[in-house]
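**Q** One structure is given below, represented as structure tokens, and several questions about it will come after.
Residue numbers (my numbering), protein chains in the order written: chain U, 452 to 618; chain R, 452 to 618; chain Z, 452 to 618.
So this is what it looks like as structure tokens:
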């Protein structure tokens, strides 16, 4: 019976998205969408700078307190503001990479988020770091994003996963 | 019998702590202590800059040879000297993050090391990188730290683990 | 029968080499060669900046188009040009680390690539990022490197692996 159950269940991929760098975000979404297309069950768990990937691009982030307001001003985030971890070169390197990807009809981060959502990939912000960084559940993130969850949630998913990665 | 054995054994989490950044150290300890509280068996294996997290905060690091002395002067480490990987801003960003965490009664890295130790998390420095960087077993690390071990030890732990992460 | 099959099969380690930093490259190769010496089956999958580790050291990288030519000029790569992620200090830190390793008769990245290849470790460049970054299969990489493969290949390897890491 346990074998039968294993056959019914899809294999899982769980990714911690710690980084808010454009290149690491791309790596994460390439793996997530490829895994989903291979009929795997995929969860992406966003924490620390990775939360920037999910922040809405327009408007203000509604954080409370002077220091958190400042943090979300400096560390604004949003899929369109991500930068390369290397060779950003005041934006030139990031611009070049985006240009090269577009030239190859390669998806942008925005496209990847939509694709991932459509393929059933779960996009989960880490509740602990949202608390520290002053990111309320409502109003901070784009519409594709699921409910906040803590580290225990990630660990529970990860230990049932065939593959768990920290990016 | 193999099922019975599986029930007796705790599930394992093994983490390579490669980075000495404050934010990555926090991510590692949040996962480690949460996993321990979920009754998992946790090993943290510190290598390269991650060794900085475990260096004692006070006194000199007793390395031999001019170059290793220099390295441990520039790369002094200690839980209180860790910096954010992003937005350190000459220390302002790191100070802000610590302030925000304190405001929420969130543990510091020092608290996390004590908690982890009390919960049975193993804190293991990588013997190979200790050798290269001139960190002798005695006198380099704080008291919570276990014996040094090599990459083979990590791999043996990791392959018995439900979750293995490289942070 | 399935148990018999499991006994015949070697346990696997699969590593994504995303970073082109000297320290992370070392960490990857230490794990890969140690695992191979423990009779594990090892695949290293190089993507984004990690491709720099495998680029040939001599001659020009034969990319097409002005922007890709520029990218491979700035981001030249090659095992001998890798830098530390921290304390590069205009090359001084990287030079010191290499010196300290040599003093201990520790292998260089070049030695590690040869060793890994000899031990049967698969060195696989990611076809997608090769495409974006303008790295043709022929002429970009050193002789030890295997055929290019996509993300689906990595995921297929990783889900059969005991340990999968993203470095």
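Cβ coordinates follow ideal geometry from the N, Cα and C atoms, glycine included.
1) Does DSSP put residue 614(R) in a helix, a strand or coil?
2) Got a sec: which bits of the segment 533 to 558 of chain R sit with their beta carbon under 7 angstroms from any beta carbon on chain B, in order along the chain?
3) Whose CA, out of 540(R), 594(R), 505(R) and 499(R), lies closest to the CA of residue 617(R)?
4) Whole alpha helix (DSSP H) runs in the segment 534 to 589 of chain Z with 4 or more residues, listed along the chain?
5) Which residues in the same chain have their Cβ closer than 6 angstroms to the Cβ of residue 614(U), if we skip the five residues on either side of it in sequence?
6) What did DSSP end up calling residue 452(Z) once you bin it into helix, strand or coil?
7) Using a 10 Å radius around the Cβ and a threshold of 16 neighbouring Cβ atoms, would you call residue 594(U) buried or exposed?
8) Would you list the one or two residues that DSSP bridges to residue 517(U)?
9) Just list the residues that DSSP pairs residue 468(R) with in beta bridges.
10) Output, in sequence order along the chain, the residues in the segment 593 to 611 of chain U whose CB is closer than 9 angstroms to any CB in chain Z.
11) Could you check what DSSP says for residue 507(Z) in three-state terms: helix, strand or coil?
12) What is the rounded straight-line gap between the Cα of residue 555(Z) and the Cα of residue 581(U)?
13) Report yes or no: is there a C-beta of chain U within less than 8 angstroms of the C-beta of residue 509(R)?
14) According to DSSP, is residue 531(U) helix, strand or coil?
15) Helix, strand or coil: which one does DSSP assign to residue 460(R)?
16) Got a sec: is the Cβ-Cβ distance from residue 468(R) to anything in chain U below 8 angstroms?
17) What residues from chain Z crowd round residue 617(U), counting only those whose CB sits closer than 7 angstroms?
18) With 8 angstroms as the threshold, decide whether the Cβ of residue 452(U) is near any Cβ in chain Z.
19) Count the other CB atoms, across all protein chains shown, that sit within 10 Å of the CB of residue 509(R); report buried if there are 16 or more and exposed otherwise.
20) When you compare only the Cα positions, how much space is there between residue 473(Z) and residue 544(Z)?
21) Could you check the C-alpha separation between residue 583(U) and residue 518(R) for me, to the nearest Å?
22) Between residue 504(Z) and residue 542(Z), how many whole angstroms is the CB-CB distance? I'm expecting something under 8 angstroms.
23) For residue 600(U), list the residues DSSP reports as bridge partners.
24) With a threshold of 8 angstroms between beta carbons, is residue 566(U) in contact with chain Z?
25) Would you call the CB atoms of residue 574(U) and residue 469(U) closer than 8 angstroms?
26) Would a check of beta-carbon distances place residue 462(Z) closer than 8 angstroms to chain R?
27) According to DSSP, is residue 490(U) part of a helix, a strand, or is it coil?
28) Taking residue 482(R) and residue 606(U) to be in contact with their CB atoms under 8 angstroms, please state how far apart those CB atoms are, rounded to whole angstroms.
29) For residue 559(Z), tell me which candidate among 576(Z), 530(Z) and 514(Z) has the shortest Cα-Cα distance.
30) Excluding the 5 residues flanking residue 492(Z) on each side, which residues of the same chain have their C-beta closer than 6 angstroms to its C-beta?
31) How about residue 538(U) and residue 525(Z): do their beta carbons lie closer than 8 angstroms?
32) Leaving out the 5 sequence neighbours to the left and right, which residues in its chain are closer than 6 angstroms to residue 452(R) when beta-carbon positions are compared?
33) Cβ of residue 611(U) within 7 angstroms of any heavy atom in the ligand GDP?
34) Mark residue 598(U) as exposed unless 16 or more other C-beta atoms lie within 10 angstroms of its C-beta, in which case mark it buried.
35) Excluding the five sequence neighbours on either side, which residues of its own chain have a C-beta within less than 6 angstroms of the C-beta of residue 561(Z), listed in chain order?
**A** Per the coordinate set shown:
1) strand
2) No chain B is part of this structure, whose protein chains are labelled U, R and Z.
3) 499(R)
4) 543 to 554, 560 to 569 and 578 to 584
5) 464
6) Residue confidence for residue 452(Z) is low, a pLDDT of 46 falling below 50, so the modelled location carries little weight; the figure read from the coordinates is stated next. If DSSP states are grouped into helix, strand and coil, residue 452(Z) belongs with coil.
7) exposed
8) Per DSSP, none; premise fails for residue 517(U).
9) 497(R)
10) none
11) coil
12) 45 angstroms
13) no
14) helix
15) coil
16) no
17) 617
18) Residue placement at residue 452(U) is flagged as unreliable, the pLDDT there being 46, under the threshold of 50; the coordinate-derived value follows with that caveat. Cβ-Cβ to chain Z under 8 angstroms: no for residue 452(U).
19) exposed
20) 11 angstroms
21) 39 angstroms
22) At roughly 18 angstroms, the Cβ-Cβ gap does not stay under 8 angstroms, so residue 504(Z) and residue 542(Z) are not in contact.
23) 577(U)
24) no
25) no
26) yes
27) coil
28) 7 angstroms
29) 530(Z)
30) 461 and 463
31) yes
32) Its pLDDT being 46, under 50, residue 452(R) is placed unreliably in this model, and the coordinates cannot settle the point.
33) Within the structure as shown, the ligand GDP is missing, as the structure has no ligands at all.
34) exposed
35) 530
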